[in-house]
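Step one of this worksheet: look at the structure below.
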Amino acid sequence: MPTDTNSDPDAGESDVPEPNAGEPSVDESRPPDRRAAVRFKMVPAPPQDRPLERLRDAWRTVPIVPADEDDCCERLMQRVGFASRDVSRTWLTFLRALGVVERTGSGFKRVGEEPAAERLREAFLDRILLSHEVLWAASKCGSGAALATPKAVFDRIRSDVPTYERYKNPDSWESIWRERTGHVLEWLVAFDLLERVGPAGTDLDDDARGEDPIGYVPTDRGRDRIE
Numbered sequence: 001m002p003t004d005t006n007s008d009p010d011a012g013e014s015d016v017p018e019p020n021a022g023e024p025s026v027d028e029s030r031p032p033d034r035r036a037a038v039r040f041k042m043v044p045a046p047p048q049d050r051p052l053e054r055l056r057d058a059w060r061t062v063p064i065v066p067a068d069e070d071d072c073c074e075r076l077m078q079r080v081g082f083a084s085r086d087v088s089r090t091w092l093t094f095l096r097a098l099g100v101v102e103r104t105g106s107g108f109k110r111v112g113e114e115p116a117a118e119r120l121r122e123a124f125l126d127r128i129l130l131s132h133e134v135l136w137a138a139s140k141c142g143s144g145a146a147l148a149t150p151k152a153v154f155d156r157i158r159s160d161v162p163t164y165e166r167y168k169n170p171d172s173w174e175s176i177w178r179e180r181t182g183h184v185l186e187w188l189v190a191f192d193l194l195e196r197v198g199p200a201g202t203d204l205d206d207d208a209r210g211e212d213p214i215g216y217v218p219t220d221r222g223r224d225r226i227e
């Protein structure tokens, strides 16, 4: 795994989200903290079609011999089709978070063999900021009559957003983290930890992937990770 420091702008600046003063915990029955020492906050929107295959395509695009950030971003735009340098940089950071790309003194390089879904799933839960909390919140929102909509999930984890993020973006932190929550939810679907549900709890098939889902419920694998 890459060695990061608190000064890394792509990682959480205080490693682990600190409690927010004056805000009580939403639910004291939260699962034990299983997070890595440093967690990354940059999460791209998952591709609508074959997200894990696109992720592996991006991994293959990063060279074995270290290259600088500009070169890697140019490769990602040309070979994978990412829309901009900013999008490519977010993906490069995301790949680092998943432990399949490493930043060295000479630049970025891909590491290891082609990553299996289980390895990516574990790294996502361990190293993406609020990923485990989002999974937990979706299970809580979805218990009973209420659906785990993106809004309901964000409302439940709102107090977990690090205090420094609120101070850094006092006027926009909610919209930033609401969007990130939506991205995390969709990656949890890609990793078979959540599934989308439609009206009356009916499943949304793959043809409806581009539509706004009504809500999310944990899969059997997701429930195993929460318990």
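Numbering-wise (full-length UniProt numbering), the sequence shown opens with residue 1 and increments by one.
No residue lacks a Cβ here, since even glycine has one placed at the ideal position from N, Cα and C.
Residue i: beta carbon under 7 Å from a heavy atom of the ligand FAD?
i, result
"serine 88", "Here there are no bound small molecules, and the ligand FAD is not part of this structure."
In this structure, how does DSSP classify residue i when only helix, strand and coil are distinguished?
i, result
"glycine 222", "helix"
"glycine 105", "coil"
"glycine 198", "coil"
"valine 111", "coil"
"isoleucine 157", "helix"
"isoleucine 214", "coil"
"alanine 152", "helix"
"isoleucine 176", "helix"
"alanine 97", "helix"
"alanine 190", "helix"
Count the other CB atoms within 10 Å of the CB of residue i; is the residue buried (16 or more) or exposed (fewer)?
i, result
"tyrosine 216", "buried"
"lysine 168", "exposed"
"isoleucine 157", "buried"
"serine 172", "exposed"
"arginine 50", "exposed"
For residue i, report the span of its alpha helix (DSSP H) as first-last.
i, result
"serine 139", "131-141"
"proline 51", "51-61"
"aspartate 171", "No alpha helix (DSSP H) holds aspartate 171; DSSP gives it neither H nor E."
Under 8 Å, do residue i and residue j count as touching if we go by C-beta distance?
i, j, result
"serine 88", "proline 218", "no"
"glutamate 118", "aspartate 160", "no"
"isoleucine 214", "leucine 135", "no"
> Counting Cβ pairs closer than 8 Å, one from the segment 150-159 and one from the segment 105-120, do we hit at least three?
Replying inline: Taking a cut-off of 8 Å on C-beta distances, the segment 150-159 does not touch the segment 105-120, as fewer than three cross pairs fall below it.
> How do the segment 73-90 and the segment 122-129 stand: do at least 3 beta-carbon pairs fall below 8 Å, yes or no?
Replying inline: With the cut-off at 8 Å, the segment 73-90 and the segment 122-129 do not touch.
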